[in-house]
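In this note's numbering, the protein residues as written are 1 to 229.
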């Protein structure tokens, strides 16, 4: 059943794999912030497409739902595991975590920090775009009603503390993915002596390269904003 421990882990795995896929798509779009120097035209075109395409808009609803489900299920599993250890929590933890990676031991804590980051990220960009007048118009033919999200992102990354915040958040996400990628396949029973080493290798590469890709964006934009590039 979905409410059982096994069922909750399966839901965590499926939602986690969906979010892992989303991160790649999100990164590809966001890299236009630094790879194409056209005063934001390419990024704003991408953002306009993502916010106006019916299929993408439907998928985004699923994304928000999966983020909530993933977070709630993760907190529930953490709570029930903690409760099950009871007064023997410390002794059980020592035995349970022997030989485990730091990322797997602290998945609950990492998840809560990442959830806080997602909330800040959504308020900073999605919230301002939809609910404030702080975002100017994207003045380009064929993009009626579009907003200049490039200018919003650029202004955000003029602040060194926001840059540091995002880079540190990517470090937390990297640790979360380091264990979560492989764990998702294990929870779904997708283990095989022939393929598991490949899954582990891909997971480790993913958990480093994708957060690194996101982290370099605010760094490069900050350096450009301040004439260092």
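Where a beta carbon is used, it is the ideal one built from N, C-alpha and C, also for glycine.
Q.
For the structure I just gave you, are there three or more beta carbon pairs, one from the segment 11-30 and one from the segment 203-210, closer than 8 Å?
A. Pairwise C-beta distances place the segment 11-30 in contact with the segment 203-210, as three or more of them are shorter than 8 Å.
Q: State buried or exposed for residue 198, treating a residue as buried only when at least 16 other CB atoms are found within 10 Å of its CB.
A: Result: exposed.
**Q.** Extent of the continuous alpha helix (DSSP H) to which residue 287 belongs
**A.** Outside the shown range of the chain (1 to 229) lies residue 287, about which nothing can therefore be said.
Q: Can you say whether residue 47 is buried or exposed, counting buried as having 16 or more other CB atoms within 10 angstroms of its CB?
A: Counting Cβ neighbours within 10 Å, residue 47 comes out buried, since at least 16 surround it.
Q. Does the distance from the CB of residue 16 to the CB of residue 184 come in under 7 Å?
A. Their beta carbons are under 7 Å apart, which means residue 16 touches residue 184 by this criterion.
Q) In terms of alpha-carbon separation, which member of 126, 218, 42 and 72 lies closest to residue 159? A) Nearest C-alpha to residue 159: 218.
Q: Evaluate the contact criterion for the segment 164-183 versus the segment 108-116: three or more CB pairs, one atom per stretch, below 8 Å.
A: Per the Cβ contact rule, the segment 164-183 is in contact with the segment 108-116 (3 or more Cβ pairs under 8 Å).
Q: Under 8 Å by Cβ, that's how I've got residue 135 and residue 147 pegged, so tell me the actual separation to the nearest angstrom.
A: About 4 Å; that satisfies the 8 Å criterion.
Q: Measure the CB-CB distance between residue 32 and residue 49 and report whether it falls below 7 Å.
A: Their beta carbons are not under 7 Å apart, which means residue 32 does not touch residue 49 by this criterion.
Q: If I'm right that residue 11 touches residue 69 with Cβ under 8 Å, what's the distance once you round it to whole angstroms?
A: Right, the Cβ-Cβ distance comes to about 7 Å (below 8 Å), so this counts as a contact.
Q.
Less than 7 Å between C-beta atoms, sequence neighbours within five positions excluded: which residues of the same chain meet that for residue 182?
A. Around residue 182: 199, 200 and 203.
Q | Cα-Cα separation, residue 67 to residue 221 | A | A straight-line Cα-Cα distance of about 27 Å links residue 67 and residue 221.
(Q) Please tell me whether residue 231 and residue 8 are closer than 7 Å, where the distance is taken between their beta carbons. (A) The structure shown does not extend to residue 231, since the chain spans only 1 to 229, so no value can be given for it.
Q) Among all the DSSP beta bridges, which residues are the ones paired with residue 147? A) When DSSP reads this structure, residue 147 sits in a beta bridge with 137.
Q | residue 190 and residue 13 closer than 7 Å at C-beta | A | Contact: no.
Q: Spatial neighbours of residue 151 within its chain, please: CB distance less than 7 Å, with the 5 preceding and 5 following residues excluded, ordered by chain position.
A: Excluding sequence positions up to five before and after residue 151, its CB lies within less than 7 Å of the CB of 40 and 136, all in the same chain and listed in chain order.
Q | Cβ-Cβ separation, residue 205 to residue 167 (assumed contact under 8 Å), whole Å | A | Taking C-beta atoms under 8 Å as the contact rule, residue 167 and residue 205 fail to qualify, at a distance of about 20 Å.
Q | Bounding residues of the alpha helix (DSSP H) (the contiguous stretch that carries residue 191) | A | Element bounds for residue 191: n/a, residue is neither H nor E.
Q. Helix or strand or just coil, what does DSSP make of residue 132?
A. In this structure, residue 132 counts as coil in the three-state DSSP scheme.
Q.
Using a Cβ-Cβ cutoff of less than 7 Å, which residues in the same chain neighbour residue 71 once the five nearest sequence positions on both sides are dropped?
A. Excluding positions up to five away in sequence, the list reads 111 and 115.
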